[in-house]
Amino acid sequence: MKIKISSILKTIAFLAALCVCVFATTIVLRSKDSDFKYGDFFDKADQIDVLFIGSSHVINAINPAVLYGEYGITSYNMGGHGSIMQATYWELKEALQYCNPKCVVVDTFMLQKNYKYLDEMDESYSDEERASSISQLHLNMDCWPLNELKVEAINDLIKDDEVKKQFLADFYVYHNRWEELDKNDYKALWGTQDRNELFGAEMRYGMELTPGIYPNPDDENGLGGDTIGEEYLRKVIEECQSRGIDVIVTFLTCSATTDDKRAIDSAEIICNDYGVEFVNMQDLGVVDLYTDLNDTGHMNALGSIKATKYIGEILAESGDLTDHRGDDAYADWQRKTDAFHNDIYEMAVHSDSIYQQLNYLSEGKVSSIIYINDGSQAFGDNQFQRLIHNYTVTPKIYHTDGPYILINDVASGNIYEASGSETLDGVSTSLGTVHYQPVEHLFRLFYTDEDPENNLLYDDSRFEYDIQIITYDSESGEILSHNYYKSYGSNYTKG
Amino acid sequence: MQFVSFGFLIMLPIVALINFFIPRKYRYIWLLVVSALFYLSLDMKAAAVMAGTVVVTYFAALLMEKVSGGADEKRTKTAAVILALAIVIEVAAMLVFRSGKILGAIGISFYMLKSIGYLVDVYRGDDIAEHNPLMLALFVSFFPQVLSGPIERSGNMMPQFAYPVTVDFDRFRDGFLQCLWGYFLKLVIADRLAIFVNSVYQAPESAQGTIVAIATVLYSFEIYCDFAGYSAIAIGVARILGIDVMKNFDSPYMAKSIAEFWRRWHISLSGWLKDYIYIPLGGNRKGTVRKYINVLIVFAISGIWHGSALTFLVWGLLHAVYQILGFVTQPLRDKVVETLKIDRNGLSHRTMKTIFTFLLVNLAWVFFRASSLEQALLIIKKSFEFTPWVLSDETLFKFGLSHGSFNIGIAGIVLLIIMDVLNFNGVEMRERIIKQSIWYRWIIMIGAILAILIFGIWGAGYNASSFIYQQF
């Protein structure tokens, strides 16, 4: 039994080298989704005053960049795709290890889900849905280091021991990602991988054109009080109250089904029990179902801006939260807020979808001229009319067959409309003093006193396009984009 | 606990470390404890069957010696009766329990053959009866071999259990490298190919002909990598513990005849069948016809040992027929070679023989893998449908393996062939690697570990299939 010291040293060195290589491999191979979402959370944990928790509704509906921009309140969007209430509860517990927020805002979408384990669900779910449920939990869980709390969370959320392994050691599931590796995966070795720039939020830019409207439940008794979702909502509230953290419970606007409405009633009952504020955004009319949803379940960026501003107002009114704007220590919050507003600006100026462009123009970041020729099929498109109506309170768009023009001059705050044979004469805008006069079906005059030779709304090569949208800088009057669209019913092609 | 499990990878270094520090004469007790725990972790009920086997084997051997008047005395008829009785009990137990429906029976076919071999050796006087029941229990249950062999002889194992060699750094490294190769064969190649093969064999009627032919060839590599992988791990683990276990595979697909294939494939089983069945039946000493009958009997038993289905019997008999045809046509083949002035030792001739042998083995594997004779015949028929466009129209990647994964499987097979060619020509790669400078050694070993971790089929999303040979 002879052991050479050199052999021991060589073995130790080999194991050390092996560990380094395996560790590097696990970093490269692991899915970056969770790290992407929560990267900033760990860096800014000591600056966070508000946590938003819940499902993907929260991810899409609450934008901490908007909240910071409007009120200077620092927050993080901890919402998880497919997060039912027990997953949300454990997400909160994990987050509270790192930060000490003054307020937690918990959304109650999917409160009616009444199954305990995410890998088991119930008999109404297919194997694909179970697999999806497991993979969605990875987004919530992968970022948290393995410790006693994480083990407790996984034991509570997952039934199958085999499935638990992939959460306790994620290399168990990610080792075969080698076929998907891209540049970002290797950047993780140096800690420079991409990060969510919206403090956990994700913006969607589509528009749900046909949101469903569902009947209200027969009574207001909610779900009965003893579903798993309700149990964990109570736990969330109790956890926060035990730590002296304010709680606000929400139901963020979506195309709510009758079941969702029962969940709303239940959430309200629970909030009353605990003396907690409940914000049922469904009934408030803050978010327009017809323009502000990306799909039936999630808000688009415009809806998110509206919802966030509304919640921000409530938070600001509480008086407990500090406005950090102007504080150098929070410069990164401002930088990311500005970056988001630039995105919205770009969307308003350069979007390829007419619905999207009209929607984001209504945010009022950029001035615009919208012209619709007479006979355009857009006048029969309710959604289109609704988007135009967002700019102005007049019902003119609903009562004309065109031509129709709308000038939204952001710098002066004025909106000008004309339809049929009406003209606009000497209207003062950032572009200059504008004159508009319809002449015949395919020809109209639109020029400024400063440049009377330039007819902005007529182009020989594009006379067949019935809709034009011109955007211009609100300060300098410089034209930013000039988009032409042709309407086919409610379908539009960009020229 | 399987070889491919986190538990085993944690357990092994701990067992090896404790084994290292235990005085040599007591190590067999430690190995027995570990073997018992390992087997109990697999199946408590199966442990009862194994315990019964140990008891029967232990007392039968002692009784044979006792009724014969001692270890060195000529065995009496009573000893023969005891041997026959013990063999009948053990074979019956194997046939009854191996389905696993009554009691668990993991590895039963392997440890039963070990036990029967031991009893025959004691009866013949080739070995003496083991008086230490713990030692015999270890021989039957030694954990690296218990699931899928190699089917060792008591003459090789008992002395090593009694006086294990010192585990030095070189032995440890050698065993470690052998384990790595085994894991690579199993996880990177066998389990990957299994995805494709299973997908095709699940519904061969709906797959194109060339796909079926490819699946059949890939199955030949799957079963080889699966079983040789297991054997390499078993041999490597035993070596780390100070026990040398016999080689079980020796570049079998390099064989130039079916007879040679069986000298290279599952060597421990082939040797067992030869020593305990073929030779006692008379071998080739009792004339040509009897020799052919003996070959048929041995391969029929081999087929039945592998499984109860008729397909296994056909597989075994097919190999017997190959060999008999080989004997019968030998003069004719010699004449052809002589007439055409073919250089028997030329590379092209040897290669052609290797390829022809591989195709015969491959054909037989169809029966081994198929779920029924009808399916086997369908697969053979489909394999001759010529649809080569599947190689270029993406059809190849619709059977569970992506482009990348399929390419890794092919690269693994190429590496396997290179290693087998080297081994066939007497180049022992492990020795070569160990002789390299520390940097090369480390790069190779770390590279191999990472390759297994990254490209291995394990973990969530795919349950590493059990070693194919564990069902036998």
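For the protein sequence lines, the chains are A and B, in the order given. Going by numbering that gives the first Met the number 0, the first residue of the first sequence is number 0, and it counts up by one from there. Going by numbering that gives the first Met the number 0, the first residue of the second sequence is number 0, and it counts up by one from there. Note that CB positions come from ideal geometry on N, CA and C, so glycine has one too. Treat the numbers as computed from the prediction; the structure is a model and nothing was measured.
Query: Do B:M253 and B:D125 have their beta-carbon atoms positioned less than 8 Å apart in this structure?; Result: no
Query: Using a Cβ-Cβ cutoff of 8 Å, what residues of the stretch 438–454 of chain B are near chain A? List them in chain order.; Result: W441, M444, I445, I448, L449, L452, I453, F454
Query: Counting C-beta neighbours from all protein chains within 10 Å, is the total for A:D373 16 or more, i.e. buried, or is it exposed?; Result: buried
Query: For B:I105, I'd like the list of residues in its chain whose CB is within less than 7 Å of its CB, leaving aside the five on either flank, ordered along the chain.; Result: L41, D42, A45, L146, Q469
Query: On the DSSP letters alone, give me the boundaries of the beta strand (DSSP E) that B:P12 sits inside.; Result: Unbroken run through B:P12 is the alpha helix (DSSP H), 5–20; no beta strand (DSSP E).
Query: Return yes when the Cβ of B:S140 is within less than 8 Å of the Cβ of B:Y291, no when it is not.; Result: no
Query: Is it buried or exposed, B:L390, if we count other Cβ atoms within 10 angstroms and call 16 or more buried?; Result: exposed
Query: Would you decide whether A:T495 is buried or exposed? Buried here means 16 or more other CB atoms lie within 10 Å of its CB.; Result: Given that chain A is displayed from residue 0 to residue 494, the structure contains no residue 495 of chain A and the question cannot be resolved.
Query: If I'm right that B:G403 touches B:R191 with Cβ under 8 Å, what's the distance once you round it to whole angstroms?; Result: That pair is no contact at about 11 Å.
Query: For A:L360, which residues in the same chain have their Cβ closer than 6 Å to its Cβ, ignoring the five residues on either side in sequence?; Result: A347, S367
Query: Who does A:H276 pair with in a DSSP beta bridge?; Result: Checking the sequence, you will find Glu at residue 276 of chain A rather than His. A:I247, per the DSSP bridge assignment.
Query: Taking the runs of the alpha helix (DSSP H) that are 4 residues or longer, which of them lie wholly in the stretch 321–348 of chain B?; Result: 329–338
Query: State buried or exposed for B:F385, treating a residue as buried only when at least 16 other CB atoms are found within 10 Å of its CB.; Result: exposed
Query: Does the distance from the C-beta atom of A:Y435 to that of A:S418 stay below 8 Å?; Result: no
Query: So what does DSSP say about A:G431, is it helix, strand or coil?; Result: strand
Query: Could you check whether the stretch 248–255 of chain A touches the stretch 282–296 of chain A, counting it as contact only if at least three pairs of C-beta atoms, one from each stretch, sit closer than 8 Å?; Result: yes
Query: Any idea which residues DSSP pairs A:F445 with across the strands?; Result: A:Y435
Query: Cα separation between B:N462 and A:V172?; Result: Note on B:N462: pLDDT 36, under 50, position unreliable in the model; the coordinate value appears next. Cα-Cα distance, rounded: 11 Å.
Query: Please compile the residues from chain A whose C-beta is within a distance smaller than 7 Å of the C-beta of B:A35.; Result: Within chain A, no residue comes near B:A35; the closest Cβ sits about 24 Å away, beyond 7 Å.
Query: For a cutoff of 8 Å on Cβ pairs, would you count B:G459 as touching chain A?; Result: For the record, residue 459 of chain B in the displayed sequence is Ala; it is not Gly. Chain A contact via Cβ: present.
Query: Only counting the same chain, and skipping five residues up and downstream in sequence, which positions put a Cβ closer than 7 Å to that of B:L135?; Result: V53, T56, Y57, E129
Query: Give every residue of the same chain whose Cβ lies closer than 8 Å to the Cβ of B:L372, excluding the five residues on either side of it in the sequence, and list them in chain order.; Result: L309, T310, V313, F366
Query: Would you tell me roughly how many angstroms separate the C-alpha atoms of B:I188 and A:L386, rounded to the nearest one?; Result: 59 Å
Query: Since A:F51 sits in a beta bridge, which residues does DSSP pair it with?; Result: A:N76, A:V104
Query: Are the C-beta atoms of A:W143 and some chain B residue less than 8 Å apart?; Result: no
Query: In chain order, what residues of the same chain have a beta carbon less than 8 Å from the beta carbon of B:V166, not counting five sequence neighbours either side?; Result: A15, N18, F19, I239, L240, G241
Query: Under 8 Å between the Cβ atoms of A:Q382 and A:Y354?; Result: yes
Query: Could you tell me the alpha carbon to alpha carbon distance between B:I467 and A:V104, rounded to whole angstroms?; Result: Residue placement at B:I467 is flagged as unreliable, the pLDDT there being 46, under the threshold of 50; a coordinate-derived value is accordingly withheld.
Query: Between B:G235 and B:Q144, how many whole angstroms is the CB-CB distance? I'm expecting something under 8 Å.; Result: Not quite, the Cβ-Cβ distance comes to about 12 Å (not below 8 Å), so this is no contact.
Query: My assumption, with CB atoms under 8 Å, is that B:G181 sits in contact with B:A231. Please give the rounded CB distance.; Result: 3 Å
Query: Taking the alpha-carbon positions, what's the A:H56 to B:S34 distance?; Result: 54 Å
Query: For A:I236, does the count of other Cβ atoms within 10 angstroms reach 16, so buried, or fall short, so exposed?; Result: buried
Query: Could you tell me whether the stretch 128–140 of chain A touches the stretch 273–282 of chain A, using the rule of 3 or more Cβ pairs below 8 Å?; Result: no
Query: Is A:A60 near A:A306, with beta carbons less than 8 Å apart?; Result: yes
Query: A:M84 and A:L232 - do their beta-carbons sit closer together than 8 Å?; Result: yes
Query: Just grab the DSSP bridge partners of A:Y491 for me.; Result: A:S486
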